[in-house]
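J.:
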Amino acid sequence: MTVPSTSLQKACRLLRALSDTRHARLTDLAAAAGVDKASALRLLETLTAEGLVERNPDTKAFSPGREWLTLQAATLCRLDLRPLVRPALIRLANAFEDSAILSVPSGWESVCIELRLGTFPIRASYLEVGSRRPLGVGAGSLALLAALPDAEVDAVLDCIGPALRHYPRIDTDLLRRHVATTRARGYALLLDVVVERMGGIAIALPGADGYPLGAISIAALNERITGREAVMARALRREAEAICATWRGQPPATPDSHKPAPGRPTLRQEA
1 MTVPSTSLQK ACRLLRALSD TRHARLTDLA AAAGVDKASA LRLLETLTAE
51 GLVERNPDTK AFSPGREWLT LQAATLCRLD LRPLVRPALI RLANAFEDSA
101 ILSVPSGWES VCIELRLGTF PIRASYLEVG SRRPLGVGAG SLALLAALPD
151 AEVDAVLDCI GPALRHYPRI DTDLLRRHVA TTRARGYALL LDVVVERMGG
201 IAIALPGADG YPLGAISIAA LNERITGREA VMARALRREA EAICATWRGQ
251 PPATPDSHKP APGRPTLRQE A
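Using the numbering used here, the first residue of the sequence shown is number 1, and each one after it goes up by one.
1. Would a C-beta distance cut-off of 8 Å place Glu128 and Leu115 closer than the cut-off?
2. Kindly indicate which three-state DSSP category Ile216 falls into: helix, strand or coil?
3. Ordered along the chain, which non-local residues of its own chain (more than five positions away) have a Cβ less than 7 Å from that of Val137?
4. Where does Arg66 fall in DSSP's three states?
5. Classify Pro272 as helix, strand or coil using the three-state DSSP reduction.
6. Using CA coordinates, which residue listed in Leu174, Phe96 and Pro206 is at the minimum distance from Leu148?
7. May I ask you to list the residues that DSSP assigns as paired with Met232?
8. Roughly how many angstroms separate the alpha carbons of Thr27 and Ser7, rounded to a whole number?
9. Where do the N-terminal and C-terminal ends of the alpha helix (DSSP H) with Arg16 fall, by residue?
10. Classify Lys37: buried if its beta carbon has 16 or more other beta carbons within 10 angstroms, exposed otherwise.
11. DSSP puts Val272 in a beta bridge; with which residues?
12. In its own chain, which residues sit with a C-beta less than 6 Å from the C-beta of Val104, not counting the 5 before and 5 after it?
13. Please state whether the Cβ-Cβ distance between Glu239 and Ala88 is less than 8 Å.
14. Go through its chain and collect everything with a Cβ distance to Gly161's Cβ below 7 Å, but skip five positions before and after it.
15. Can you name, in chain order, every residue of its own chain whose Cβ lies under 7 Å from the Cβ of Leu102, other than the five neighbours on each side?
16. Assuming Gly199 contacts Asp192 under a Cβ cut-off of 8 Å, what Cβ separation, rounded to an integer in Å, is found between them?
17. If Thr46 sits next to Gly65, beta carbons under 8 Å apart, how far is it from one beta carbon to the other, in whole angstroms?
18. Any idea if Ile225 is buried or exposed, counting beta-carbon neighbours within 10 angstroms, 16 or more meaning buried?
19. Note down, in chain order, each residue of its chain lying with its Cβ closer than 6 Å to the Cβ of Val281, except the 5 sequence neighbours on either side.
20. Excluding the five sequence neighbours on either side, which residues of its own chain have a C-beta within less than 8 Å of the C-beta of Ala95, listed in chain order?
21. Can you tell me the Cα-Cα spacing of Ala146 and Arg183, whole angstroms?
22. Measuring straight from C-alpha to C-alpha, what distance separates Met232 and Asn222?
23. Check each candidate in Leu175, Leu164, Ala208 and Ala163 and name the one with the smallest Cα separation from Asp154.
24. Roughly how far, in whole angstroms, is the beta-carbon of Ser14 from the beta-carbon of Ala33, given that I think they are within contact range, below 8 Å?
25. Counting along the chain, where does the alpha helix (DSSP H) carrying Pro83 start and finish?
26. I need the straight-line Cα distance from Glu241 to Ala219, nearest angstrom please.
Following this line, the structure appears as structure tokens:
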């Protein structure tokens, strides 16, 4: 049985949808949030009155308001991974000439919060800062999913079934297989699954409790990954180890200090 959503829940879904810059029109926001247009407009008008949302009087497009940015700034002071990860993304994009991405989990979705474009002429243009995807859709998103305990993976896959309709090459059975492969391999690899001829390779950034803080990934043409998979995996792992050690305020871990948790990949697993 479907539990009716409260107005507050609908408003929260609209705010999450608005964080993706592709969703600025009322129709797009309502569809992304699963809210009818009349309710979406009423809630967005309330959020606008409270300063959380702004609406362009000419284009009628919605965007985050000043109060949203104030809340965001307060959160980022405590939790922002971006300053720590940016140097790694720059190094990865420079070394491989392809796009390097930082994604973080948000409920049963992953969100791209930082992106460094490579210099190779053909780029992965399907992701931009603020883009959201169901967990498992994309290499970084798959790395985040595989880093969760089994029970949470099951719960996520139960939730994202309807959202996967937008990704005809992906279903929950495929994601379960990829989760198992990611854990065994120690990094996520998706080729020709989300976008034709494009792929990605990624590794999660585990926090002190083992839960993923985020994931770093490289997105490129399939053939630019397959020929360099091992080298890319080692580079991602090296950067991930340094990021996690700095985040925890510890020196980089030695091989003997890692004891793999059951069912999850670790940073020390070899490519």
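C-beta: ideal position from N, C-alpha, C; glycine also.
T.: Result, derived from the coordinates:
1. Taking the C-beta atoms as reference points, Leu115 is found nearer than 8 Å to Glu128.
2. Secondary structure of Ile216 (DSSP, three-state): strand.
3. For Val137, the CB contacts under 7 Å within the same chain, skipping 5 residues up- and downstream, are Tyr167, Ile170 and Val194 in chain order.
4. Arg66 falls in the helix class under three-state DSSP.
5. No information on residue 272 is available, as it lies outside the stretch 1 to 271 that the chain covers here.
6. Taking only the C-alpha atoms, the option nearest Leu148 is Pro206.
7. Residue pairing for Met232: DSSP places it in no beta bridge.
8. If I take the Cα positions, the gap works out to 18 Å.
9. Taken as a continuous stretch (DSSP letters only), the alpha helix (DSSP H) holding Arg16 covers Ser7 to Leu18.
10. Lys37 is exposed by the Cβ-count criterion.
11. Residue 272 falls outside the range modelled here, since the chain spans only 1 to 271, and no answer is possible.
12. Excluding sequence neighbours, Val104 sits near Val111, Ile113 and Gly214.
13. Contact flag set, yes.
14. If you ignore the 5 residues before and after Gly161, its C-beta comes within less than 7 Å of the C-beta of Thr172, all in its own chain and listed in chain order.
15. Closer than 7 Å at the Cβ level, and outside the excluded window around Leu102, lie Leu81, Arg82, Val85, Leu89, Ile113, Glu114, Gly214 and Ile216.
16. Right, the Cβ-Cβ distance comes to about 6 Å (below 8 Å), so this counts as a contact.
17. Not quite, the Cβ-Cβ distance comes to about 12 Å (not below 8 Å), so this is no contact.
18. Buried: at least 16 other Cβ atoms inside 10 Å.
19. An answer regarding residue 281 cannot be provided, because it is not within the stretch 1 to 271 covered by the chain.
20. Taken in chain order, the residues that qualify are Ala235.
21. As the crow flies, the alpha-carbon of Ala146 is around 6 Å from that of Arg183.
22. Looking at the two C-alpha atoms, the distance is approximately 13 Å.
23. Ranking Leu175, Leu164, Ala208 and Ala163 by CA distance to the CA of Asp154 puts Leu175 first.
24. Per the sequence presented here, residue 14 reads as Leu, with Ser not at that position. Their Cβ separation, rounded to whole angstroms, is 5 Å, which keeps Leu14 and Ala33 in contact under 8 Å.
25. Arg82 to Phe96 is the extent of the alpha helix (DSSP H) around Pro83.
26. Rounded to the nearest angstrom, the two C-alpha atoms are 20 Å apart.
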